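Worksheet for the structure shown next.
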Amino acid sequence: MCVISNLVLRQLCAGFYSTSTAVSLSLSLSLAGGSMASLFFLFLLLLPFAILLLVLAAIVRPRPVRIPLKGRHVLVTGGSSGIGLALALRAAAEGARVTILARDPSRLQDARDAILLATGVDVTILAADVRDPEAVCRALEAADPVDVLVCNHGVFLPQELERQSLEEVRFMVEVNLMGTFHLIKASLPTMKQRAKESGLPASIAIVSSQAGQVGIYGYTAYSASKFGLRGLAEALQHEVIADNIHITLVFPPDTDTPGLAEEHKRRPEITKVIAGSQGGMKADDVAKKALNGIKSGQFVVACNFEGYLLHVATVGLSPQRSYFMAFVEILGVGFMRFVALCYQWSWFTSIEKWHAKMKSS
Ligand SMILES: NC(=O)C1=CN([C@@H]2O[C@H](COP(=O)(O)OP(=O)(O)OC[C@H]3O[C@@H](n4cnc5c(N)ncnc54)[C@H](OP(=O)(O)O)[C@@H]3O)[C@@H](O)[C@H]2O)C=CC1
Ligand SMILES: CCCCCCCCCCCCCCCC(=O)[C@@H](N)CO
Numbered sequence: 001m002c003v004i005s006n007l008v009l010r011q012l013c014a015g016f017y018s019t020s021t022a023v024s025l026s027l028s029l030s031l032a033g034g035s036m037a038s039l040f041f042l043f044l045l046l047l048p049f050a051i052l053l054l055v056l057a058a059i060v061r062p063r064p065v066r067i068p069l070k071g072r073h074v075l076v077t078g079g080s081s082g083i084g085l086a087l088a089l090r091a092a093a094e095g096a097r098v099t100i101l102a103r104d105p106s107r108l109q110d111a112r113d114a115i116l117l118a119t120g121v122d123v124t125i126l127a128a129d130v131r132d133p134e135a136v137c138r139a140l141e142a143a144d145p146v147d148v149l150v151c152n153h154g155v156f157l158p159q160e161l162e163r164q165s166l167e168e169v170r171f172m173v174e175v176n177l178m179g180t181f182h183l184i185k186a187s188l189p190t191m192k193q194r195a196k197e198s199g200l201p202a203s204i205a206i207v208s209s210q211a212g213q214v215g216i217y218g219y220t221a222y223s224a225s226k227f228g229l230r231g232l233a234e235a236l237q238h239e240v241i242a243d244n245i246h247i248t249l250v251f252p253p254d255t256d257t258p259g260l261a262e263e264h265k266r267r268p269e270i271t272k273v274i275a276g277s278q279g280g281m282k283a284d285d286v287a288k289k290a291l292n293g294i295k296s297g298q299f300v301v302a303c304n305f306e307g308y309l310l311h312v313a314t315v316g317l318s319p320q321r322s323y324f325m326a327f328v329e330i331l332g333v334g335f336m337r338f339v340a341l342c343y344q345w346s347w348f349t350s351i352e353k354w355h356a357k358m359k360s361s
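Each residue of the sequence shown is one higher than the one before, starting from 1 at the first, in the numbering used here.
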């Protein structure tokens with residue numbers, strides 16, 4: 001699906017260029033009638049795009065980077081289940097030394113056994129609750145210095161704010177947002193030192209959600225906790241770039257995991273309609289996207305076709321290392337605003353219809 005969406009986007013771009021080329025050709029042929037003249041018109045038409053690409057190649061920051069995984073220490077939080085487990089497994093298969101962190105020791109042990117069976121790699125397990133800063137510090141002190149920190153832990157309890165208890169709101173904000181602060185604060189000093197000593201780039205990856213790019217019915221608290229991660233990531237990238245640390249933000253759609261199975265038991269009807277409209281991704285496909293994004297230092301990792309649309313629609317002032325992606329963003333932003341308004345139209349229509357149905361029954 002991700003490959004297809006990638007292809008579709010490329011096709012769209014290619015289509016755009018071939019159409020503009022064809023238009024320019026026919027125009028110039030009919031106007032000038034000569035091949036030299038038509039070539040000249042074609043040149044004039046493409047010149048602004050070429051200049052834009054050149055300017056972007058000169059100005060995009062941070063500069064492109066490759067982050068090696070082989071032999072390096074990757075710590076994955078929430079590594080005992082779902083996306084985190086798939087990430088840990090892939091990192092181990094790629095030759096990284098892997099540590100997984102979560103609360104429940106028996107689930108951690110099961111994950112360790114599963115990774116050993118699948119890859120022959122024995123991962124280290126750390127039991128800690130990310131809500132507790134001291135416990136996080138203790139756990140990290142017991143582990144080797146980290147080269148790649150993947151903050152993937154997360155909890156999601158969808159419900160309308162009016163019906164949701166403040167305890168649940170606080171729970172999501174404390175695990176998803178504060179937990180990430182605790183982990184980054186605890187690992188930064190040694191990460192910095194290690195990146196300096198080894199001369200190799202380090203990475204902090206944060207798993208947000210598409211609900212961290214757009215607010216959706218039933219996700220007031222969850223979306224708030226995930227939107228917060230974006231501000232954290234953007235500002236932190238400024239602060240740690242000089243230490244050769246690179247931030248990656250992953251925005252998965254619904255993904256088949258034990259967590260999602262639990263969520264389905266309590267998802268409001270409208271949340272199902274909106275969030276479930278794309279169909280779920282496999283945890284391993286999300287992990288693959290995320291790991292590729294980490295290795296190439298991508299600031300934002302979109303996981304499926306809708307993810308790419310969402311990325312362009314919500315790109316804002318995010319850093320971008322690829323001048324080609326920056327080019328696509330510039331050409332796409334206006335049109336994606338229109339697509340976004342179409343989505344909002346359809347979502348508000350569903351909500352309206354649902355209210356009407358509730359009233360009449
Ligand atoms: N699945 C989906 O549809 C989507 C998920 N995401 C995000 O991806 C991430 C992973 O989700 P998914 O794989 O589905 O989740 P799962 O519920 O399957 O796994 C969550 C993991 O996080 C750990 N965890 C939860 N709370 C804490 C805590 N307080 N301290 C330490 N570890 C904790 C869990 O272990 P334990 O309970 O033992 O602590 C478990 O290992 C989350 O951040 C989620 O928000 C984003 C978009 C979609
Ligand atoms: C401009 C174009 C817009 C394009 C498409 C938009 C589609 C948005 C759907 C958002 C779905 C959010 C799923 C969150 C899943 C999640 O995080 C959990 N399963 C955990 O709760």
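For glycine and all other residues, C-beta sits at the position ideal for the given N, C-alpha and C.
Here the structure is a predicted model, which is why all the values come from computation and not from measurement.
Relative to ligand 1, is the shortest distance from any of its heavy atoms to the C-beta of residue i smaller than 7 Å?
{"i": "ARG112", "result": "no"}
{"i": "THR77", "result": "yes"}
{"i": "ALA130", "result": "Per the sequence presented here, residue 130 reads as Val, with Ala not at that position. Yes, since a heavy atom of ligand 1 falls inside the 7 Å radius drawn around the Cβ of VAL130."}
{"i": "ALA356", "result": "no"}
{"i": "PHE43", "result": "no"}
Where does residue i fall in DSSP's three states?
{"i": "LYS282", "result": "strand"}
{"i": "THR124", "result": "strand"}
{"i": "VAL315", "result": "coil"}
{"i": "ALA302", "result": "strand"}
Compute the Euclidean distance between the alpha carbons of residue i and residue j, then round it to the nearest angstrom.
{"i": "SER106", "j": "ALA261", "result": "20 Å"}
{"i": "GLY95", "j": "LEU46", "result": "45 Å"}
{"i": "ALA283", "j": "HIS153", "result": "14 Å"}
{"i": "TRP354", "j": "ALA135", "result": "45 Å"}
{"i": "PRO68", "j": "GLY293", "result": "12 Å"}
{"i": "TRP347", "j": "ILE274", "result": "7 Å"}
{"i": "GLY362", "j": "PRO268", "result": "Because the chain spans 1 through 361 in this model, residue 362 falls outside it and cannot be assessed."}
{"i": "ALA313", "j": "MET336", "result": "5 Å"}
{"i": "LEU52", "j": "PHE327", "result": "8 Å"}
{"i": "TYR219", "j": "HIS264", "result": "13 Å"}
{"i": "ILE115", "j": "VAL123", "result": "7 Å"}
{"i": "ARG230", "j": "LEU39", "result": "46 Å"}
{"i": "GLY212", "j": "SER35", "result": "52 Å"}
{"i": "PRO145", "j": "ASN244", "result": "15 Å"}
{"i": "ILE216", "j": "SER209", "result": "11 Å"}
{"i": "VAL240", "j": "PHE251", "result": "21 Å"}
{"i": "GLY228", "j": "LEU177", "result": "7 Å"}
May I ask you to list the residues that DSSP assigns as paired with residue i?
{"i": "CYS151", "result": "ILE206"}
{"i": "ILE255", "result": "Note that residue 255 is Thr in the sequence shown here, rather than Ile. Paired residue(s): MET281."}
{"i": "ILE245", "result": "ALA202"}
{"i": "THR77", "result": "LEU101"}
Using 7 Å as the cut-off, classify the Cβ of residue i as near or not near the heavy atoms of ligand 2, replying yes or no.
{"i": "GLN320", "result": "no"}
{"i": "ALA437", "result": "Here the chain comprises residues numbered 1 to 361, so residue 437 is not present and cannot be evaluated."}
{"i": "PHE363", "result": "Here the chain comprises residues numbered 1 to 361, so residue 363 is not present and cannot be evaluated."}
{"i": "GLN278", "result": "yes"}
{"i": "SER209", "result": "yes"}
{"i": "MET281", "result": "no"}
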